[in-house]
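Below you'll find the structure, written out as C-alpha cells, and then a few comments.
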Amino acid sequence: MADYLKLPLRFERFFEKQKLPVCTLNDSISRNVHLLITTATEENKLDERYGSQFWDNDYDIHLSNDGRRELVMESLQQQITLYEKRLVNVVVKVTVKQTTMNDKLRSQLRRRIEIIVSGNIARSNEPYEFQTGFFIGPMAFD
Numbered sequence: 026m027a028d029y030l031k032l033p034l035r036f037e038r039f040f041e042k043q044k045l046p047v048c049t050l051n052d053s054i055s056r057n058v059h060l061l062i063t064t065a066t067e068e069n070k071l072d073e074r075y076g077s078q079f080w081d082n083d084y085d086i087h088l089s090n091d092g093r094r095e096l097v098m099e100s101l102q103q104q105i106t107l108y109e110k111r112l113v114n115v116v117v118k119v120t121v122k123q124t125t126m127n128d129k130l131r132s133q134l135r136r137r138i139e140i141i142v143s144g145n146i147a148r149s150n151e152p153y154e155f156q157t158g159f160f161i162g163p164m165a166f167d
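In C-alpha cells, the structure reads:
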C-alpha cells in the first residue's frame with residue numbers, strides 16, 4: 026500500500042535526509058476533504074476554483090437554514106467530485122441547526138453546520154466516512 030505524506034510538510038527532516046512522516050489513504054482523503062470544506066473559493070492562488078463556494082454567503086442573513094443547507098451540499102458535492110478522485114459514490118449530508126453557544130459572560134444562538142461525507146474509496150471499494158461541524162455567520166432566527 027502506498028504511503029501518503031502527512032501534512033503540514035516539515036522540510037527540516039527532508040534536508041536532514043530523514044524520512045518524512047506518512048499517513049494512510051483514509052487520512053489523506055480526510056485531510057483533503059477538510060481542506061475543501063474550510064477553504065473559500067479564490068483563496069488558493071494556484072487554483073482559484075478549489076474550495077467551497079458557500080463561504081461567499083457565510084453572513085447572508087436573508088438565506089434560510091434550508092437554503093444554506095442546499096448551498097453547502099451542492100458546493101461540496103461538486104468540489105469533492107472535482108478534487109477528490111480517490112472517492113466514488115459520494116453522498117454529502119448537511120444539517121444546519123441553531124445551537125446555544127455559552128461563554129463566561131453570556132449565551133447566544135449561533136448557526137452550526139454539521140457535514141457528513143460518505144462514499145467508497147475508488148481503489149478498494151472500501152466504505153469511507155468523514156464528519157465535521159462548525160459555527161458560521163451571525164445569529165439567526167429561522
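Heads up: the sequence shown runs through residues 26 to 167, numbered per the numbering used here.
Beta carbons: idealized from backbone N, C-alpha and C, even for Gly.
Report buried or exposed for residue i, applying the criterion of at least 16 other Cβ atoms within 10 angstroms of its Cβ.
i	result
V116	exposed
G158	exposed
V58	buried
V142	buried
S89	exposed
F160	exposed
S149	exposed
R38	exposed
Between residue i and residue j, what straight-line distance do the alpha-carbon atoms span, to the nearest angstrom?
i	j	result
F155	R74	22 angstroms
S100	T63	12 angstroms
L30	R131	43 angstroms
R35	V47	12 angstroms
F40	V121	46 angstroms
G162	K42	45 angstroms
G76	Y108	9 angstroms
R93	I140	12 angstroms
F166	Q133	Any reading at F166 needs caution, since the residue's pLDDT is 45, under 50, leaving its predicted position unreliable; the model's value is listed next. Approximately 11 angstroms between the Cα atoms of the pair.
E68	R56	17 angstroms
N18	K118	Residue 18 falls outside the range modelled here, since the chain spans only 26 to 167, and no answer is possible.
T66	L60	11 angstroms
What did DSSP end up calling residue i once you bin it into helix, strand or coil?
i	result
Y75	coil
R136	strand
How far does the beta strand (DSSP E) with residue i in it reach, from first residue to last?
i	result
N114	112–127
Can you tell me where the alpha helix (DSSP H) with residue i in it begins and where it stops?
i	result
Q156	Unbroken run through Q156 is the beta strand (DSSP E), 152–161; no alpha helix (DSSP H).
N90	90–108
N57	50–63
E37	36–40
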